[in-house]
Amino acid sequence: MTTVPTPEDGAAPEASGAGAAPAEDPRAGMATATTVPVTPMVEALEVHKSYGRVEVLKGITLKVMPGEVMCLIGPSGSGKSTFLRCINHLEKINAGRLSVDGALVGYRERGDRLHELREREVAGQRTEIGMVFQRFNLFPHMTALENITEAPIRVKREPKDAARAHARELLEKVGLGDRAGAYPNQLSGGQQQRVAIARALAMQPKLMLFDEPTSALDPELVGDVLAVMRQLADDGMTMIVVTHEMGFAREVGDAVVFMDGGVVVESGDPREVLTDPRHERTRSFLSKVL
Amino acid sequence: MSEQVSAQTTSAEGEHRARPETIRAVPVRHPGRWVAAAVIAVLLAMLVHNLATNTRWQGWIINQYLFTSQVLHGLLATLWLTVIAMVIGVFGGVILAVMRLSENPVVSASAWVYIWFFRGTPVLVQLIFWYNVAALFPTISIGVPFGPAFHTWSTTTLVTTFAASILGLGLNEAAYMSEIVRAGILSVDEGQSEAASALGMRRLLIMRRIVLPQAMRVIIPPTGNETISMLKTTSLVSVIASFDLLVSVQRIYNANYKVIPLLVVASIWYLVVTSVLTVGQYYVERHYARGSMRGLPPTPPQKFREFFVRHIGITHAAPVIPERDTGGAGS
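Chain order of the listed sequences is G and U. Quick note: the first sequence uses this note's numbering, first residue 1, plus one each step. Quick note: the second sequence uses this note's numbering, first residue 291, plus one each step.
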């Protein structure tokens, strides 16, 4: 994890730089050749985003390395979800650079000009980025299994049998092996969200984005979803998680980023940021949610 | 009494207690319902009596003409007109709706103008226009715009009365259907398209596989309405053509002056077709309700069979029951 020198180490008061890889990462031992530079999975440089005159993101700079789990926390309206949606180009950024696995999101750079990608190319980029939504957004007219196989069959043109077999494996993995034939509204919120995770995984993404995946769930159902996400993190998936689950951020996150008012206020090792924040805003936010 | 009850409920904490007796209250009387029922019953009796005794209805004529080939041919033509006009209407409507929702301002504006025009002028005018279109364009040709033509047809041979009827009804219907389809598309939660695009699906695929199937729930009831309405609107073609159901009975009563009985004949057929369409609509709606209810409620025949099983005890109809299992919650 410590293979890439981060721009600034430790003290970064205004903290536009983030993604500081934690020193005692449990998977650090897996990092192979220490000299080979690894392309960051997500790299944001001064990302700005406005809706009309309202600027929602005011220069976000951060970096997520492959295999890393980054948790985005912050009050509502701080721009966390907007930033997440920029990563798979559901929102277009207005300024700055945002790349996934070395490739700009939604654009191609030719000379010193940016060219918008065609719809087909954007769709192609998205197939490698899984996304899980707060409100699940399962397709209600399809069974759990059909929800999962839809994109592999229609987009990746996988043979139907193979797609179904893979979907069943994934359902098994999220603990819903027996609910393949159920329609979304026959499932509880927690089950729906787990199907949604399986649906995203079916495309075999290299990056998973979670937009407050447990915020719409009954408290007793949160644990099942978090367990699946934890499992995913242990399998080495690169994840960016917008969440209010501080326990999850502390235990699973390799890095935590606190956003407020469209900027990164503070970032770093979750155990440090969450227990001993350097900034007053972080401290007051944490005192309300913890 | 009431105190006793409240005391019982509060002290119920885990205590073992007897179930209170089942309430047997005196029901509220509804004298108004009885009066209304009586009035309706009398009116109904008068109607039946009139039908049975008033010879001017000439029931035997109705009987005589209901299945004559002239009437049946008219019925067939009416059905064809309805089907073809509705097919044009539905497909045209989907295309226009997608065009109106397009980000391309030229495309969206042209759909808007089409709808504005075809909704804003009477169908009757449009029918007569298409019937007389040859006066405006004597020939129709395929070729380079403003350049040479590859092939030319005479408009009168191309736009027959049937074609004019189809054009008039179908193009008009497309304008109405497009608004219905658009409402359906807009009714689908935006999160659906978002989730689909996040999976790498492209716009047309999302429309076809994700949005339209869900929009169908909103689209179908008014489309059923439109179909039934179309069935009757086809009678307007009687001003330009001479083949639909209404024209056939008109021709008969012009010869024999039995106006009312023959109008009853036509009405019976319109009612029969409408009833069939209504049943069809019920099953189509049911099909697209998949996933929107915890389970589908039983169809009327299923309810009927179940009623028999439960009350009369015919057990060989039993296979219906297990299927009902999932549907139970929905009803």
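Even glycine gets a Cβ: it sits at the ideal position worked out from N, Cα and C.
Residue 183 of chain G has a beta carbon lying within less than 8 Å of a beta carbon in chain U. DSSP places residue 602 of chain U outside both helix and strand once states are collapsed to three, so it counts as coil. Against residue 383 of chain U, chain G offers no close residue; the least beta-carbon distance is about 21 Å (beta-carbon pairs closer than 9 Å). Under DSSP, residue 99 of chain G shares a beta bridge with G:43, G:104. 8 Å or more divides the Cβ of residue 69 of chain G from the Cβ of residue 263 of chain G. Counting other Cβ atoms within 10 Å of its Cβ, residue 159 of chain G stays below 16 and is therefore classed as exposed.
Between residue 217 of chain G and residue 193 of chain G a beta carbon distance of about 7 Å is seen, short of the 8 Å cut, so the two are scored as contacting. Close CB contacts of residue 95 of chain G within its chain, under the 6 Å cut and outside five residues either way in sequence, are with 48 (chain order). Counted as a single uninterrupted DSSP element, the alpha helix (DSSP H) harbouring residue 148 of chain G occupies residues 144-154. Nearest CB-CB separation between residue 576 of chain U and chain G: not below the 8 Å threshold.
If you draw a straight line from the Cα of residue 418 of chain U to the Cα of residue 93 of chain G, it comes to about 55 Å. Here residue 260 of chain G is bridged, per DSSP, to G:263. Using a Cβ distance threshold of 8 Å, residue 128 of chain G and residue 207 of chain G count as a contacting pair. At the C-beta level, residue 215 of chain G and residue 125 of chain G stay beyond 8 Å of one another. For residue 196 of chain G against residue 137 of chain G, the beta-carbon gap comes to about 7 Å, under 8 Å, which counts as contact.
Sequence-ordered contacts of the stretch 480-509 of chain U with chain G read 481, 482, 484, 485, 487, 488, 489, 490, 491, 492, 493, 495, 499, 500, 503, 504 [C-beta pairs closer than 7 Å].
When only Cα atoms are considered, residue 327 of chain U and residue 333 of chain U end up about 10 Å apart. Under the three-state reduction of DSSP, residue 268 of chain G is assigned to strand.
Here the alpha carbons of residue 565 of chain U and residue 143 of chain G stand approximately 33 Å from one another. As computed with DSSP, residue 71 of chain G is found in a beta bridge with G:241, G:256. Of the other Cβ atoms in all chains shown, fewer than 16 fall within 10 Å of the Cβ of residue 440 of chain U; this residue is therefore exposed. Between residue 174 of chain G and residue 210 of chain G, the CB-CB gap reaches or exceeds 8 Å. Beta bridge pairing from DSSP links residue 63 of chain G with G:43.
Interface with chain G (8 Å Cβ-Cβ cutoff): residue 582 of chain U is included. The C-beta of residue 344 of chain U has fewer than 16 other C-beta atoms within 10 Å across all chains shown, which makes the residue exposed.
C-alpha of residue 246 of chain G to C-alpha of residue 290 of chain G: approximately 7 Å in a straight line. Three or more Cβ pairs drawn from the stretch 460-468 of chain U and the stretch 377-397 of chain U lie within less than 8 Å of each other, which places the two stretches in contact.
Cβ-Cβ distances below 7 Å link residue 508 of chain U to 473, 474, 477 in the same chain, with the five nearest sequence neighbours on each side left out; the list follows chain order. For residue 155 of chain G, the neighbours in chain U by C-beta distance under 7 Å run, in chain order, 489, 490, 491.
Residue 512 of chain U sits away from residue 352 of chain U, with the two beta carbons spaced by 8 Å or more.
Any Cβ of chain U closer than 8 Å to the Cβ of residue 139 of chain G would place that residue at the interface, and such an atom is present. Following the DSSP letters along the chain, one finds residue 207 of chain G inside the beta strand (DSSP E) bounded by residues 207-211. Chain U places no beta carbon closer than 8 Å to that of residue 237 of chain G, leaving this residue out of the contacts. In this structure, the straight-line span from the alpha carbon of residue 543 of chain U to that of residue 528 of chain U is close to 15 Å. Going by DSSP, residue 132 of chain G is part of the beta strand (DSSP E) stretching over 129-132.
By the CB criterion at 8 Å, residue 202 of chain G and residue 165 of chain G fall outside the cutoff.
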